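Reviewing the structure listed below.
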Amino acid sequence: MSDEVLLRAEGLVPAGLDAPPALDLVLSGGLVVLAGPGRERLSAWLHTLAGLAPPAAGNLLLLGRPLSGTGAHRWQQLRRRVGYVSPAVPLLSIMSGLRNVMLPAQYHRLAPEREVERRARTLLGEIAYDADHDALPAHMSELQRRHLLIARALILEPRVLLLEQPLDGLDLPAAERLREYLVDRVRPRVELLLVAANDALLAHRADAVLFVSRQSVRLFDSWAALLADQAADVQRYLEMERRPCAALEPN
Amino acid sequence: MIAKSHLSPAALAGLIGRRALQSLLYVVDLTVFVLYAMRSWGGRRGLFNRASYHAVIAQMIFTGIDALLSVTLLGLAVGAGITAQLILLFQVVGSEADVINVLTKVVALELAPLLTAIIVIGRTGSAIAVDLGNMKLHREVEGLTLLGIDVQDFFISPRLVGVALSQLILAVYFAVIAVVSGVFFSALLASFGYLKYLLAIPLAFDPVALVGFVVKNLMFGLLIGGSACYHGLRVGISPTEVPQETQRAIVNSLVLIFLLDGLMAVTLL
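Rendered as structure tokens:
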């Protein structure tokens, strides 16, 4: 982790939630998992932390800059440096997988076309399956599409990447492969990886866990710290999420 | 039992007034939409952005090259059904100058842009509206904004430029096919002496009318592409909105094309 503060929230309250608690947070890097009961609550928090939705109260600073008064040009520059990926916001259906990955870099003129293609192929090479990258997204599996969504964001070399429920709806083997990809490939490529996911195995490998519930929002140093917490909302959440999984048991 | 209509003259006038105002606001809205997209095209990213450039080329291939067969067939049909008949008619009732005049002004400069525009609306306008509508519906457009991509710059202006250039090129192609094939058909039907028009017609075009032809076709293309993009992006969250907006794009394009054509004909007269 670097010392530079990448994300700072000061009394941040997301809009659209019923009396949520305010968040004071400073993140300088690493893998942070956003977990807690309620998918919509997690999405609202992640949207707000990504600067995509104006907060009901408080301030957000991304890469050291406040978001208020962001113009169109600054918005474009910010989105290059702060990526946001959600399976609900899919690839362009009219372009092949490779073209989808190349597109943002081409648009922002990061490099000549050949170089962009080389970078895209490098990113696709890290995806551990044999897919036809010239195929349209409609002909791919859900896992392939999610890999490509993340690769499309990574080609811009963002400093901060926020992922919304990347493992949601995948079967166990697919979820395992994507989880490995996130930890082994994506995490080293960005300074701060913030993932909204109620996934104990991923949270177990995270540098910190940001727990959000109706009553509280708190940053834990690790998944183990969260497991050891005796707060009622944390225990209720753990009880709800409990399944045959070693990662849920305290060390 | 027939229900009585309760629409008073005042209510009828109000209804007509509201509809007229809505139509006017639609035209203003569409014009602003097109101008905003073109400003984005002429701005910082410009013609040579690779991502936009690919989109322009793809649009031109779809609108222009893929439509060549339809345009050729329609051009031949107009040549046989209209141009040849006009030549034969005006040979009887008018002079050689009248024949040349009617072929240049009516067939080449009026019919060609209009009929080409109708093909472009049917093929490209509908395709763009469905395409963009579905991408909007499935949040693919939103995905690009999250990557810092300007939707106007990437989606709209390349389509407008591609459709406008394709409309112009197709209209020229249509005019050539319709006039040349018409002269050949009339020569086959009546006299090979009519082939002389093939040499006379290209020299008979008024330069001002040619400029008007270019401007008209570019405006037709911008209007068709603009209407299709505008309606495509109006699709919200329901799949039923895609066919509804597509139908509006087609009908509004047709109406506006004829209105614009009439307006330009009156202006250039």
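Here the protein sequences come in this chain order: A and B.
If you read the first sequence in my numbering, its first letter stands for residue 17, the second for the next number, and so on.
If you read the second sequence in my numbering, its first letter stands for residue 66, the second for the next number, and so on.
Using N, Cα and C, we set each Cβ at its ideal position, and we do this for glycine too.
All values derive from a computational prediction rather than experimental measurement.
By DSSP, does residue i sit in helix, in strand, or in coil?
i                         : result
glutamate 180 of chain A  : strand
proline 260 of chain A    : Residue placement at proline 260 of chain A is flagged as unreliable, the pLDDT there being 48, under the threshold of 50; the coordinate-derived value follows with that caveat. Three-state DSSP puts proline 260 of chain A in coil, outside helix and strand.
alanine 149 of chain B    : helix
proline 82 of chain A     : strand
leucine 23 of chain A     : strand
glycine 54 of chain A     : coil
arginine 230 of chain A   : coil
glycine 159 of chain B    : coil
asparagine 199 of chain B : helix
alanine 247 of chain A    : coil
aspartate 40 of chain A   : strand
leucine 210 of chain A    : strand
leucine 235 of chain A    : strand
methionine 66 of chain B  : Unreliable placement is indicated for methionine 66 of chain B, whose pLDDT of 47 sits below 50; the coordinate value is still reported in the next sentence. Here methionine 66 of chain B sits in coil by DSSP.
glycine 87 of chain A     : coil
leucine 152 of chain A    : coil
glycine 141 of chain A    : helix
leucine 47 of chain A     : strand
leucine 328 of chain B    : helix
valine 307 of chain B     : helix
alanine 269 of chain B    : coil
valine 121 of chain B     : helix
glycine 99 of chain A     : strand
glycine 185 of chain A    : coil
alanine 224 of chain A    : strand
glycine 213 of chain B    : coil
valine 29 of chain A      : strand
leucine 107 of chain A    : coil
glycine 74 of chain A     : strand
aspartate 218 of chain B  : helix
asparagine 282 of chain B : helix
serine 105 of chain B     : helix
Please tell me whether residue i and residue j are closer than 8 Å, where the distance is taken between their beta carbons.
i                         : j                            : result
leucine 194 of chain A    : valine 211 of chain A        : no
alanine 191 of chain A    : valine 48 of chain A         : no
threonine 311 of chain B  : valine 228 of chain B        : no
valine 176 of chain A     : arginine 252 of chain A      : no
leucine 197 of chain B    : glycine 297 of chain B       : yes
leucine 4 of chain A      : leucine 50 of chain A        : Given that chain A is displayed from residue 17 to residue 267, the structure contains no residue 4 of chain A and the question cannot be resolved.
arginine 24 of chain A    : leucine 77 of chain A        : yes
valine 132 of chain A     : methionine 111 of chain A    : no
proline 182 of chain A    : alanine 213 of chain A       : yes
valine 171 of chain B     : phenylalanine 239 of chain B : no
leucine 321 of chain B    : leucine 288 of chain B       : yes
glycine 74 of chain A     : leucine 28 of chain A        : yes
leucine 268 of chain A    : leucine 235 of chain A       : Because residue 268 of chain A is not part of the residues shown, which for chain A are 17 to 267, the question remains open.
isoleucine 242 of chain B : leucine 141 of chain B       : yes
leucine 230 of chain B    : aspartate 326 of chain B     : no
alanine 53 of chain A     : methionine 256 of chain A    : In the sequence under discussion, the amino acid at residue 53 of chain A is proline, which differs from the alanine named in the question. In contact: proline 53 of chain A and methionine 256 of chain A (Cβ atoms closer than 8 Å).
proline 70 of chain A     : alanine 31 of chain A        : yes
glutamate 158 of chain A  : leucine 139 of chain A       : no
isoleucine 315 of chain B : glycine 144 of chain B       : no
leucine 172 of chain A    : leucine 151 of chain B       : no
serine 105 of chain B     : aspartate 215 of chain B     : yes
leucine 62 of chain A     : leucine 22 of chain A        : no
aspartate 40 of chain A   : glutamate 56 of chain A      : no
So which residues on chain B does residue i lean against when the C-beta distance must stay under 7 Å?
i                        : result
histidine 124 of chain A : Gly213
Listing by chain order, which chain A residues have their CB less than 8 Å from the CB of residue i?
i                        : result
glutamate 205 of chain B : Val105, Pro106, Leu107, Leu108, Ser109
aspartate 196 of chain B : Ile110
Give me the chain A residues within the contact set of residue i, using Cβ-Cβ distance strictly less than 9 Å, ordered along the chain.
i                         : result
methionine 200 of chain B : Leu108, Ser109, Ile110
Listing by chain order, which chain B residues have their CB less than 8 Å from the CB of residue i?
i                        : result
aspartate 172 of chain A : A quick correction: the sequence has leucine, not aspartate, at residue 172 of chain A. Going along chain B in sequence order, the residues near leucine 172 of chain A (Cβ under 8 Å) are Leu212, Gly213.
Run down chain B in chain order and give the residues with a C-beta less than 9 Å from the C-beta of residue i.
i                      : result
arginine 57 of chain A : What arginine 57 of chain A touches in chain B: nothing, since even the nearest Cβ is about 20 Å away.
proline 120 of chain A : Ala116, Leu209, Leu212, Gly213, Ile214
Residues of the segment 208-220 of chain B whose Cβ lies closer than 9 Å to any Cβ of chain A, in chain order: Gly208, Leu209, Thr210, Leu211, Leu212, Gly213, Ile214, Asp215, Asp218, Phe219
Taking one C-beta from the segment 209-225 of chain B and one from the segment 164-180 of chain B each time, how about it: are there three or more such pairs within less than 8 Å? no
Are at least three pairs of beta-carbons, each pair with one atom in the segment 169-186 of chain B and one in the segment 248-255 of chain B, less than 8 Å apart? no
Would you check if there are 3 or more beta carbon pairs closer than 8 Å linking the segment 89-106 of chain A to the segment 163-183 of chain A? yes
If the cut-off is 9 Å on Cβ atoms, which residues from the segment 188-213 of chain A count as contacting chain B, listed in chain order? none
Indicate whether the contact test is met: 3 or more Cβ pairs, each with one atom in the segment 257-275 of chain B and one in the segment 304-318 of chain B, closer than 8 Å. no
Using a Cβ cut-off of 8 Å, which residues of the segment 85-99 of chain A contact any Cβ in chain B, in chain order? Ala88, Trp91, Gln92, Gln93, Leu94, Arg95, Arg96, Gly99
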